[in-house]
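Okay, so here's the structure we're looking at.
Numbering (my numbering), first residue to last: -13 to 84.
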């Protein structure tokens, strides 16, 4: 079953720009970074519950995140895993030693 069939319609155009502006004004610092006492500017408006998972563009479902946190949250929400890197010899590269 395609998960996007039940997804909500995304707000676009001027309406989205107004919502985005309000969220970034409300959350000038990345919400995730602030939880770990790190200061980083919010640059992306993130859906707490993604549209593809039934979320909406309602402001209570939106938060400001930095790019790095947004990427990490999105990977987690959609089940992406980091793949191991392999060297020319075909053996996994241990990131701890590289």
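Note that CB positions come from ideal geometry on N, CA and C, so glycine has one too.
*One or two residues paired with residue 32 in a DSSP bridge*: The count along the chain shown starts at 1 and reaches residue 32 at position 46. Answer is 49, bridged to residue 32.
*asked:* Quick check on residue 77: does DSSP put it in helix, strand or coil?
replied: As a first step, residue 77 must be located in the chain shown, where it is residue number 91. Of the three classes helix, strand and coil, the one that applies to residue 77 here is coil, per DSSP.
*Taking the C-alpha atoms as reference points, what is the distance between residue 30 and residue 50?*
As a position in the chain shown, residue 30 is number 44, starting the count at 1. As a position in the chain shown, residue 50 is number 64, starting the count at 1. Spanning the alpha carbons of residue 30 and residue 50 requires a straight line of approximately 6 angstroms.
_Residues near residue 25 in its chain [Cβ-Cβ closer than 8 angstroms; skip 5 each side]_ = Numbered from 1 along the chain shown, position 39 holds the residue referred to as residue 25. Beyond the five residues adjoining it in sequence on each side, residue 25 comes within less than 8 angstroms, by CB distance, of 15, 19 in the same chain, given in chain order.
*asked:* So, does the segment -3 to 10 touch the segment 35 to 46, judging by three or more C-beta pairs under 8 angstroms?
replied: Yes, the segment -3 to 10 is in contact with the segment 35 to 46.
_So, for residue 28: in the same chain, excluding its five sequence neighbours on each side, which residues have a beta-carbon less than 7 angstroms away from its beta-carbon?_
For the purposes of this step, residue 28 is identified with residue 42 of the chain shown, where counting begins at 1. Closer than 7 angstroms at the Cβ level, and outside the excluded window around residue 28, lie 10, 13, 14, 15, 16, 50, 51, 52.
*In chain order, what residues of the same chain lie with their CB nearer than 6 angstroms to the CB of residue 63, ignoring the 5 residues before and after it?*
Along the chain shown, one-based indexing puts residue 63 at 77. Excluding its 5 nearest sequence neighbours in each direction, residue 63 has C-beta neighbours in its own chain below 6 angstroms: 36, listed in chain order.
*What does DSSP give as the partner residues of residue 64 in its beta bridges?*
One-based indexing of the chain shown puts residue 64 at position 78. According to DSSP, which records beta bridges pairwise, residue 64 is partnered with nothing at all.
*asked:* In the DSSP output, what is residue 27 paired with across the bridge?
replied: Along the chain shown, read from residue 1 onward, the residue named residue 27 stands at position 41. According to DSSP, which records beta bridges pairwise, residue 27 is partnered with 15.
*asked:* Since residue 47 and residue 56 should fall inside the 8 angstroms C-beta cutoff, what is the C-beta to C-beta distance between them, to a whole number of angstroms?
replied: To locate residue 47, count along the chain shown from 1; it is residue 61. To locate residue 56, count along the chain shown from 1; it is residue 70. With a contact defined as Cβ atoms closer than 8 angstroms, residue 47 and residue 56 miss out at about 15 angstroms.
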